[in-house]
Amino acid sequence: MSTEKIVGRFAPSPTGPLHFGSLSCALASYLDVRNLGGKWLVRIEDIDPPREIKGASSRILSQLEDHGLYWDDKVLFQSTRLDAYQNSLDILKQHNLAYHCECSRQRVNSLEGIYDNRCRPSHLPSTNNATRLQLNQPHQLVEFVDKIAGRHVQSLIEDVGDFVIRRRDNLFSYQLAVTVDDQYQNVTHVMRGSDLLDSTPRQIYLQHCLGFTQPQYAHLPVATSPLGQKLSKQSLASSLISGQETLNIWSALNWLNQSPPNDLQKWSVSEILTWAISHWDSSNIKRSLTMPAPEGF
Ligand code: GLU
Numbered sequence: 001m002s003t004e005k006i007v008g009r010f011a012p013s014p015t016g017p018l019h020f021g022s023l024s025c026a027l028a029s030y031l032d033v034r035n036l037g038g039k040w041l042v043r044i045e046d047i048d049p050p051r052e053i054k055g056a057s058s059r060i061l062s063q064l065e066d067h068g069l070y071w072d073d074k075v076l077f078q079s080t081r082l083d084a085y086q087n088s089l090d091i092l093k094q095h096n097l098a099y100h101c102e103c104s105r106q107r108v109n110s111l112e113g114i115y116d117n118r119c120r121p122s123h124l125p126s127t128n129n130a131t132r133l134q135l136n137q138p139h140q141l142v143e144f145v146d147k148i149a150g151r152h153v154q155s156l157i158e159d160v161g162d163f164v165i166r167r168r169d170n171l172f173s174y175q176l177a178v179t180v181d182d183q184y185q186n187v188t189h190v191m192r193g194s195d196l197l198d199s200t201p202r203q204i205y206l207q208h209c210l211g212f213t214q215p216q217y218a219h220l221p222v223a224t225s226p227l228g229q230k231l232s233k234q235s236l237a238s239s240l241i242s243g244q245e246t247l248n249i250w251s252a253l254n255w256l257n258q259s260p261p262n263d264l265q266k267w268s269v270s271e272i273l274t275w276a277i278s279h280w281d282s283s284n285i286k287r288s289l290t291m292p293a294p295e296g297f
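Read in this note's numbering, the sequence shown has 126 at position 126, and its numbers run on one by one without any break.
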């Protein structure tokens, strides 16, 4: 692939400021494409207003800048892309791949994550119903090779079932929006947390249904607290301390197993990033779903 075609992205949801785990993800995806001479994009995934924290988008963007992680092009806000999601949903409907589901939340919850396709195929009107993607033979077994996690196989029929692409409250699902936008932005390299490893087969299946190109995937370990919980914006992981950017970047590099020399801590963030781009080796990253964050984060 020629270098000008390489495109990576960081796609935070505005549910809180960056913490050590999300900074490490942003840094890894940045270094991975910069090392190849590619572009790095930022996309704010603001399609779920009930989960959004006011001011989080601008906070995340200024934290990225403070850490020297400058993006190419304009930031894409998913809230401006609703027509594109609707358009893809219409295409899926035209191909009889989407149907309306009238199951209650209680019923769906009782199925413990694997939908039994009870409403398939239904011809219910679209209002007040979730829309699900109908899985068809022979593509229900999805296999891909993750650059960090290795070979990953999932039977969508057995492990997920027909999945929601537009919710009952009319919001588009993460799976649909992320798939449409990775294609729209010509993303070739997706590097993100392992909490999304199990979502990837759904995205690959959607790409197949919509005739999109499949990017290369790499899923990083998720940073955990000393108690083993995932650091997350929702679990109120502490935001990064401002004024400590050099230490944050150095610690994230160390956590990503890039062996940054101690001396780097005396450098500016842009100098550290220059070092890190040329020394980047994603094969050093530990092949693990989780990894404790360093002390103090
Ligand atoms: N918006 C998602 C999050 O903040 C990440 C989406 C992705 O990288 O595909 O967890």
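Even for Gly, the Cβ is constructed at its ideal location relative to N, Cα and C.
Bear in mind that the values here come from a model prediction, so they are computed numbers and not experimental data.
From the options, residue whose alpha carbon lies closest to that of residue i
{"i": "R287", "options": "K147, P226, V153, Y85", "result": "K147"}
{"i": "V108", "options": "I60, V142, R168", "result": "R168"}
{"i": "S199", "options": "L240, N262, V164", "result": "V164"}
{"i": "S194", "options": "V178, L206, A223", "result": "A223"}
{"i": "N248", "options": "Q265, A237, N257", "result": "Q265"}
{"i": "V269", "options": "N257, V142, A252", "result": "A252"}
{"i": "G150", "options": "Y217, V142, E45, N87", "result": "Y217"}
{"i": "T179", "options": "V153, Q154, P215", "result": "P215"}
{"i": "H152", "options": "L197, I114, M191, V187", "result": "L197"}
{"i": "S79", "options": "C119, S13, W267, V187", "result": "S13"}
{"i": "L61", "options": "L227, D83, H19, R34", "result": "H19"}
{"i": "L92", "options": "T131, D66, G55", "result": "T131"}
{"i": "I47", "options": "F212, R81, E158", "result": "R81"}
{"i": "Q280", "options": "M291, P260, G296", "result": "Correcting the residue type first, residue 280 is Trp in the shown sequence and not Gln. Nearest C-alpha to W280: P260."}
{"i": "P17", "options": "P226, I285, K54", "result": "K54"}
Residue i, enclosing beta strand (DSSP E) - first and last residue
{"i": "Q258", "result": "Where Q258 is concerned, there is no enclosing beta strand (DSSP E), given that its DSSP letter is neither H nor E."}
{"i": "V303", "result": "Since the displayed the chain opens at 1 and closes at 297, residue 303 lies outside it and no answer follows."}
{"i": "Q175", "result": "Here Q175 belongs to no beta strand (DSSP E); instead the alpha helix (DSSP H) covers 174-184."}
{"i": "E65", "result": "Not the beta strand (DSSP E): E65 falls in the alpha helix (DSSP H), residues 56-66."}
{"i": "L89", "result": "Looking at the DSSP string, L89 is not in any beta strand (DSSP E); the run it does join, the alpha helix (DSSP H), is 82-94."}
{"i": "Q216", "result": "216-220"}
{"i": "H189", "result": "189-193"}
{"i": "V160", "result": "From DSSP, V160 is part of no beta strand (DSSP E); its letter is neither H nor E."}
{"i": "H100", "result": "98-101"}
{"i": "L41", "result": "39-44"}
{"i": "F144", "result": "141-146"}
{"i": "G8", "result": "7-10"}
Boundaries of the alpha helix (DSSP H) in which residue i is found, first to last residue
{"i": "R105", "result": "105-110"}
{"i": "L210", "result": "200-210"}
{"i": "L273", "result": "269-279"}
Environment of residue i [buried if 16+ CB atoms lie within 10 Å]
{"i": "H219", "result": "buried"}
{"i": "S22", "result": "buried"}
{"i": "Q63", "result": "buried"}
{"i": "N129", "result": "buried"}
{"i": "R43", "result": "buried"}
{"i": "D73", "result": "exposed"}
{"i": "K39", "result": "buried"}
{"i": "Q175", "result": "buried"}
{"i": "P221", "result": "buried"}
Beta-ladder partner(s) of residue i, from DSSP
{"i": "V252", "result": "Correcting the residue identity first, residue 252 is Ala in this sequence and not Val. For A252, which the question treats as bridged, DSSP gives no partner whatsoever."}
{"i": "L31", "result": "DSSP output for L31 lists no bridge partner at all."}
{"i": "R166", "result": "T131, F172"}
{"i": "M291", "result": "A223"}
{"i": "K230", "result": "T224"}
{"i": "L76", "result": "R43"}
Exercise. Relative to ligand 1, what is the chain-ordered list of residues with a Cβ closer than 6 Å to any of its non-hydrogen atoms?
Worked result: What you get when you keep residues with a C-beta closer than 6 Å to any heavy atom of ligand 1 is A11, P12, S13, E45, V178, R192, L196.
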